[in-house]
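Novice: Okay, here's the structure, questions in a sec.
Chains as they are written, first to last, in UniProt numbering: chain A, 1 to 289; chain B, 1 to 448.
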């Protein structure tokens, strides 16, 4: 757990004065939202996590003013609220970019290329982990497993999926974000800003027409097993794991294709590796530009 | 058996069994309309025709076991809820899917959220609950969007709210987004988090069935467990038991990832093997062989190519020295450095350790220091015993299972790949080239 000393400089040992309150109009607007959130729970304190998302949607990060608002709403001390806000990694504690770009560097994504993507983006953007570009657009960070391992390597922008990335596709992605060009996640709806995302996390549905259905029903990797089970794809030719395991001898007769051969006649992997049409993660468009 | 018959038996059509994933490729598969077209909410009608106690017995007899990792019988969890105690009862669905490698609940909720909602209504009828919660990890906004919409649709259609389908059952369902903390996948930490606190595990007993959310009787179930219930009701427990084995019946989602030709979701009866899954899906990526894999996420001891024929059910994987876990089959080929993989997982556990208990908080910290040194070629031979010793001081001695999970990759990698650790020490560095492991390593056109 880190403290927010970076936000306020080095403390000289004097207690901080209480945080200022929100201006009246902001407070009234947030209070109406807060009432709706609190009403979802049998016990008001359960509303704390969504309320922290709500104040983050107001200012882009959780400020002392935001925490004071949560405390007053729920009858807690600011210390109690701070203890919770600093425990969870999704609450940002200093001003950050409109787009939070998270590169998964947990083992599987890291090995599949997440480390290379993260290094490449640090160099390309000139920022380190947790830092924001000068234009205030992009905050870069490495993130933990985001439950999309079958689409590795994964990059998240404002918690939307960008699957099957390469260093090149990720650099294009951040360039587009900084230039204000429209960016479409691989699965899910058009990107919104970090503040708008935080409001959805507070439990207020995305009101943009068509947002729920954008991105289709399921990503290509999610459908691989289903298509095989239906016999819609030719059973892939066996490339066996060459494990020296007990079955190896018995299967010695099985044709083992050379690496140069086209290995799978079904389409899923191809779709997967270029699942973002705007940025074919694949080879062709990759570098030559 | 004739060659043709043999071929048929090992065909994907025979080996796979899409149930929850059966219509994920349809347009708007996540909508109520499409779900109902596939007999959605029919399981609920059958459930409401039974008494709650009979319903619990029925789910127990089906043999359904928890799909979140531990494999505890779902019906038995429901049965533990004291009845007639005058307290409110709660159902909390654990959708905090964060275990490294695990990626089944998120695609399930994205493509078919109503299977979960129907399961929730059935479970709440059984345990006499009138308020349920879905605790979804916050980092998956596309899924949150569809859950919001699915809950709205279910209320509008009378599957949630008051007097559901004229049964007298009232039920409210709250979708709650977390805020980034792996530990909240631990059921008691999840409950603390849902109560608006830091997500730290609780001492048990009392178990959640007696004192859970707001100190009231609470069932905490994984997404896939609850989503499997409607199909059991609709098709019958015999249908369910006809799949899998006596002690591990039914179907489940296997998630294949890593250096394989076709990563993705494969829904199959319990007991399928990794060899079968790889053979039907094109195997490891071209020109490479399997080196190590996890049967159920990073917290389950790793396997090697020796274990390709282990039946992937609770007993089979347990007998082979690991755990079925979340069926997250992360496959790594010979280009991958085991020390690098384990170091990264250990950094994850150290980062996610909640800090409540000393063995986990301090132990994971020191494991990371030792592993980083070894990976960088600065380790000593004695460090390997020290690693094992520290892992032993975490395993079984921590407050919750996060500590056990942190010890698993250490123990299992030392068991199967001790030589590779020694190579890092004697060779003063890592003998592997990480560039060879990337998804684009064998595509020369991709110049990263």
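Even for Gly, the Cβ is constructed at its ideal location relative to N, Cα and C.
Taking 7 angstroms as the limit between beta carbons, can you name the residues of its chain near residue 215 (chain A), skipping five residues before and five after?
Specialist: Correct list, in chain order: 185, 187, 188, 189.
Novice: Which residues in the same chain have their Cβ closer than 7 angstroms to the Cβ of residue 361 (chain B), if we skip the five residues on either side of it in sequence?
Specialist: Same-chain partners within the cutoff: 353, 355.
Novice: Examine chain A for any beta-carbon lying closer than 8 angstroms to the beta-carbon of residue 323 (chain B), and answer yes or no.
Specialist: No, residue 323 (chain B) lies away from the interface with chain A (no Cβ there is under 8 angstroms from its Cβ).
Novice: Quick check: is the beta carbon of residue 438 (chain B) nearer than 8 angstroms to any beta carbon in chain A?
Specialist: Cβ-Cβ to chain A under 8 angstroms: yes for residue 438 (chain B).
Novice: Could you give the uninterrupted runs of the beta strand (DSSP E) lying entirely in the region 122-178 of chain B, keeping only those of 3 residues or more?
Specialist: The qualifying runs are 131-136, 172-177.
Novice: Taking 8 angstroms as the threshold (beta carbon to beta carbon), is residue 107 (chain A) in contact with chain B?
Specialist: Closer than 8 angstroms to some Cβ of chain B, the Cβ of residue 107 (chain A) qualifies, so yes.
Novice: Measuring only the C-alpha atoms, how far is residue 13 (chain A) from residue 83 (chain A)?
Specialist: Looking at the two C-alpha atoms, the distance is approximately 20 angstroms.
Novice: Along the chain, where does the beta strand (DSSP E) containing residue 265 (chain B) start, and where does it finish?
Specialist: Segment 264-269, the beta strand (DSSP E) holding residue 265 (chain B).
Novice: Residues of the region 280-308 of chain B with a CB closer than 7 angstroms to any CB of chain A: list them in chain order, please.
Specialist: Taking 7 angstroms as the Cβ-Cβ cut-off against chain A, the residues of the region 280-308 of chain B that qualify are 280, 281, 282, 283, 284, 286, 287, 289, 290, 298, 305, 306, 308.
Novice: Please go through the same chain and pick out, in chain order, the residues whose beta-carbon is closer than 7 angstroms to the beta-carbon of residue 258 (chain B), but skip the five residues on each side of it.
Specialist: Result list for residue 258 (chain B): 330, 331, 332, in chain order.
Novice: How would you call residue 239 (chain A), buried or exposed, if buried means at least 16 neighbouring beta carbons within 10 angstroms?
Specialist: Because residue 239 (chain A) carries a pLDDT of 41, less than 50, the predicted location of this residue cannot be relied on, and the following value inherits that uncertainty. Label assigned to residue 239 (chain A): buried.
Novice: For residue 20 (chain B), would you say it is in contact with chain A, using Cβ-to-Cβ distances shorter than 8 angstroms as the test?
Specialist: No, its Cβ sits nowhere closer than 8 angstroms to a Cβ of chain A.
Novice: If you measure from the beta carbon of residue 189 (chain B) to each beta carbon in chain A, is any gap under 8 angstroms?
Specialist: For residue 189 (chain B), the answer is no, since every Cβ of chain A falls outside 8 angstroms of its Cβ.
Novice: Within 10 Å of its beta-carbon, does residue 199 (chain B) have 16 or more other beta-carbons around it, so buried, or fewer, so exposed?
Specialist: Buried.
Novice: Quick one: which chain B residues come within Cβ less than 7 angstroms of residue 213 (chain A)?
Specialist: What residue 213 (chain A) touches in chain B: 28.
Novice: May I have a chain-ordered list of the beta strand (DSSP E) segments no shorter than 3 residues that lie completely inside the region 84-128 of chain B?
Specialist: Counting whole runs of 3 or more residues, the region 84-128 of chain B contains the beta strand (DSSP E) stretches 90-95.
Novice: Return the Cβ separation of residue 150 (chain A) and residue 423 (chain B) in integer angstroms, given the expectation that the two are a contact with Cβ distance under 8 angstroms.
Specialist: Rounded, the Cβ-Cβ distance is 31 angstroms, inconsistent with contact.
Novice: Please list the segments of the alpha helix (DSSP H) lying wholly inside the region 259-331 of chain B, counting only runs of 4 or more residues, in order along the chain.
Specialist: Listed in chain order, the complete alpha helix (DSSP H) runs (minimum 4 residues) inside the region 259-331 of chain B are 274-281, 314-319.
Novice: Looking at the unbroken beta strand (DSSP E) that takes in residue 224 (chain A), where does it start and where does it end?
Specialist: Note, residue 224 (chain A): premise wrong, no beta strand (DSSP E); alpha helix (DSSP H) at 224-229.
Novice: Go ahead and label residue 415 (chain B) buried or exposed: buried means 16 or more other beta carbons lie within 10 angstroms of its beta carbon, across all protein chains shown.
Specialist: Its Cβ having fewer than 16 others within 10 Å, residue 415 (chain B) is exposed.
Novice: If you draw a straight line from the C-alpha of residue 456 (chain B) to the C-alpha of residue 45 (chain B), how long is it?
Specialist: The requested residue 456 (chain B) does not occur in the structure, where chain B is confined to residues 1 to 448.
Novice: Using a Cβ-Cβ cut-off of less than 7 angstroms, list which residues of the region 186-202 of chain A approach chain B; keep chain order.
Specialist: Those residues of the region 186-202 of chain A that come within reach of chain B (Cβ to Cβ, closer than 7 angstroms) are 187, 188, 189, 197, 200, 201.
Novice: For residue 420 (chain B) and residue 432 (chain B), I'd like the C-alpha separation in whole angstroms.
Specialist: When rounded, the distance between both Cα atoms is 10 angstroms.
Novice: In the DSSP assignment, find the beta strand (DSSP E) that holds residue 100 (chain A) and state where it starts and stops.
Specialist: Looking at the DSSP string, the run of the beta strand (DSSP E) that includes residue 100 (chain A) is 99-104.
Novice: Kindly identify the DSSP beta-bridge partner or partners of residue 131 (chain A).
Specialist: Answer is A:140.
Novice: Check residue 76 (chain B) in the structure and name its three-state DSSP category.
Specialist: Three-state result, residue 76 (chain B): helix.
Novice: When the Cα atoms are used, what is the spatial distance from residue 115 (chain B) to residue 213 (chain A)?
Specialist: Going from the Cα of residue 115 (chain B) to the Cα of residue 213 (chain A) covers about 17 angstroms.
Novice: Looking only at its own chain, which residues have a Cβ that is under 6 angstroms from the Cβ of residue 307 (chain B), when we skip the five neighbours before and after it?
Specialist: Excluding positions up to five away in sequence, the list reads 320.
Novice: Quick one: Cα of residue 119 (chain B) to Cα of residue 119 (chain A), how far?
Specialist: Those two C-alpha atoms are separated by around 44 angstroms.
Novice: Alpha carbon to alpha carbon, how far is residue 235 (chain B) from residue 235 (chain A)? Give it in angstroms, no decimals.
Specialist: For residue 235 (chain A), the pLDDT reaches just 46, beneath the cut-off of 50, and the residue's location in the model is therefore unreliable, leaving the point undetermined.
Novice: Does DSSP classify residue 187 (chain A) as helix, strand or coil?
Specialist: In this structure, residue 187 (chain A) counts as strand in the three-state DSSP scheme.
Novice: Give me the Cα-Cα distance between residue 377 (chain B) and residue 340 (chain B), rounded to the nearest whole angstrom.
Specialist: Rounded to the nearest angstrom, the two C-alpha atoms are 12 angstroms apart.
Novice: What residue from B:11, B:150, B:169, B:83 has the CA that sits closest to residue 131 (chain B)'s CA?
Specialist: Ranking B:11, B:150, B:169, B:83 by Cα distance to residue 131 (chain B) puts B:169 first.
Novice: Would you call residue 144 (chain B) buried or exposed, if buried means 16 or more other Cβ atoms sit within 10 Å of its Cβ?
Specialist: Classification of residue 144 (chain B): buried, given that the 10 Å Cβ count is 16 or more.
Novice: Since residue 222 (chain B) sits in a beta bridge, which residues does DSSP pair it with?
Specialist: DSSP output for residue 222 (chain B) lists B:94 as bridge partner(s).
Novice: In whole angstroms, what separates the C-alpha of residue 176 (chain A) from that of residue 169 (chain A)?
Specialist: The alpha-carbon atoms of residue 176 (chain A) and residue 169 (chain A) are separated by roughly 11 angstroms.
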